[in-house]
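Number 307 in this note's numbering belongs to position 304 of the sequence shown; there are no gaps in the numbering.
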Amino acid sequence: MPEISVIIPTYNRARMLARALRSVLAQTEPGWECLIIDDGSTDDTRAVVDGFAEPRFRYLSQANQGPAAARNNGIRAAQSPYITFLDSDDQMLPEKLALHLRAFRADAHLGLLASGWKEIDAQGNLLRERLPWLTHPSLDLPAWLTGCPVLGSALTVRKTCLDQVGLFNPDLRVAEDYDLWLRLAYAGCKMQWLPQVVCLRELHPQGISRHYAEMSRCLPRMFEDFFAQPDLPAEIAARRGQVFARLHVENTGRALAAGDLPAAREQLKQAVQANPTLLLGDPPRILDTLASMSQADYAPEREVYLQAWTALLADDPHGLGRSSRQLDALLCATEAFDASYRGNKPLARKKAFAALRKDPSWVRNRGLLKLLLK
């Protein structure tokens with residue numbers, strides 16, 4: 004019996020799939036099986052899999068039902084106690100399976116293990132390294148209410164945990180993974196980080212518009228179901244307004260990235276309605292969220308991002324347009340901290356100085372001052 008099952012859902016990505024499969028073959032851990040679930044492809048996906056002539060590759064075909072249903076079929080067919088996922092346009096680094104299996108062998112209670120990843124463009128150029136444990140050190144339930152810091156291709160889960168909470172929700176076309184991790188956390192599944200980079204993720208900017216529309220529909224539905232549970236602890240139920248405000252702010256950013264200014268205005272309005280405290284502070288608290296979103300994978304280039312937000316805030320009825328310079332400074336500070344996390348000290352100092360020039364009140368921020376003094 005294999006020790007770990009790699010689940011790859013795919014739909015009309017034959018060229019990318021071959022690259023993903025090569026990354027599985029390159030693993031230093033040999034005790035794996037790989038289930039390729041073809042979600043109704045019309046290209047030569049089957050021929051690509053057959054061309055490898057690898058007995059550990061198992062090809063399964065289904066009518067087109069979406070990635071959640073494909074992953075579920077793969078999980079049901081898996082023969083090992085551990086499940087790891089790989090999108091067909093991603094690649095595993097050679098040590099991923101070995102590192103994750105070692106962690107599970109060392110802790111019989113571990114249910115989910117997550118790691119970091121690198122983002123690349125279609126030509127394979129490095130865009131950014133994602134080390135989410137630096138900003139999200141905990142993977143407990145309250146942490147999951149602040150966002151989804153993990154990537155499906157960079158984690159492994161114990162199959163018995165999935166037996167306990169169920170599989171992916173096939174009615175969710177996006178965020179079906181976030182929904183499952185949230186349910187696992189609520190069930191008490193032990194989760195932890197393995198602070199190493201284990202895979203490559205290719206970004207596709209052309210998918211921003213579709214991504215925004217589906218995320219704006221699926222995420223609120225997911226959390227409506229979550230907060231409708233009658234046995235939620237009071238301290239978790241009390242976070243409902245904050246959670247929905249965050250969703251609306253994030254959808255504001257996604258709408259701007261997709262070029263949909265009217266939708267962005269509506270999402271911003273709903274964010275403030277869900278949590279009026281976003282307008283408090285100097286600068287307003289909402290600007291912190293907007294600045295942090297500049298590091299999201301769907302965010303456009305910095306200047307484009309700032310111009311879009313400035314245009315949106317200019318006619319905001321709450322007077323946020325006066326805060327555009329503060330947002331610019333926050334973006335610089337966010338970039339400074341991000342550069343520091345990635346070990347780029349010269350860029351961190353450059354961005355820290357830029358934040359101070361745009362908003363001298365940053366001189367009171369000890370973290371930023373430490374970057375300048377290093």
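For glycine and all other residues, C-beta sits at the position ideal for the given N, C-alpha and C.
When DSSP labels each residue in this structure, what does residue i get in the three-state scheme?
i              : result
serine 156     : helix
glutamate 227  : helix
serine 83      : coil
lysine 373     : helix
threonine 13   : strand
glutamate 253  : helix
arginine 242   : coil
glycine 6      : According to the sequence as given, residue 6 is glutamate; it is not glycine. Of the three classes helix, strand and coil, the one that applies to glutamate 6 here is coil, per DSSP.
cysteine 164   : helix
leucine 148    : coil
leucine 38     : strand
histidine 103  : helix
proline 287    : coil
methionine 218 : helix
glutamate 32   : coil
Could you please give me the residues that DSSP links to residue i through a beta bridge?
i                : result
cysteine 202     : Met95, Trp120
lysine 193       : Leu113
arginine 131     : Glu122
phenylalanine 88 : Ile10
Relative to the C-alpha of residue i, which residue among the options is closest?
i                 : options                        : result
alanine 314       : Ile7, Arg133, Gly262           : Gly262
phenylalanine 230 : Val246, Asp93, Cys221          : Val246
glycine 169       : Arg105, Leu197, Ala237, Trp184 : Trp184
threonine 48      : Arg367, Arg18, Thr31, Ala336   : Arg18
methionine 194    : Ala241, Pro145, Cys221, Leu271 : Pro145
alanine 274       : Gly244, Asp291, Ala258         : Gly244
isoleucine 40     : Ala358, Ser26, Ser91           : Ser91
histidine 112     : Cys164, Asp53, Leu102          : Cys164
histidine 103     : Arg161, Phe171, Glu338         : Arg161
serine 141        : Lys121, Ala357, Ala117         : Ala117
serine 64         : Glu57, Ala50, Phe171, Pro58    : Ala50
asparagine 172    : Gly54, Ala73, Leu359, Arg133   : Ala73
proline 58        : Asn368, Pro5, Asp46            : Pro5
proline 12        : Ser156, Leu235, Ala311, Ala339 : Ser156
Does the separation of the CB atoms of residue i and residue j fall below 8 Å?
i              : j              : result
leucine 38     : glycine 69     : no
isoleucine 123 : leucine 129    : yes
cysteine 221   : leucine 154    : no
glutamate 36   : serine 8       : yes
alanine 267    : alanine 248    : no
arginine 257   : methionine 225 : no
leucine 89     : alanine 178    : no
proline 198    : tryptophan 136 : yes
threonine 255  : glutamine 270  : yes
leucine 374    : alanine 355    : yes
leucine 100    : glutamine 30   : yes
Confirm the yes/no value for this check: CB of residue i, any heavy atom of the ligand MN, distance under 7 Å.
i           : result
glycine 244 : The ligand MN is absent from the structure shown, which contains no ligands of any kind.
Segments assigned alpha helix (DSSP H), at least 4 residues, entirely inside the stretch 47-79: Inside the stretch 47-79, DSSP marks whole alpha helix (DSSP H) runs of 4 or more residues at positions 48-55, from first to last along the chain.
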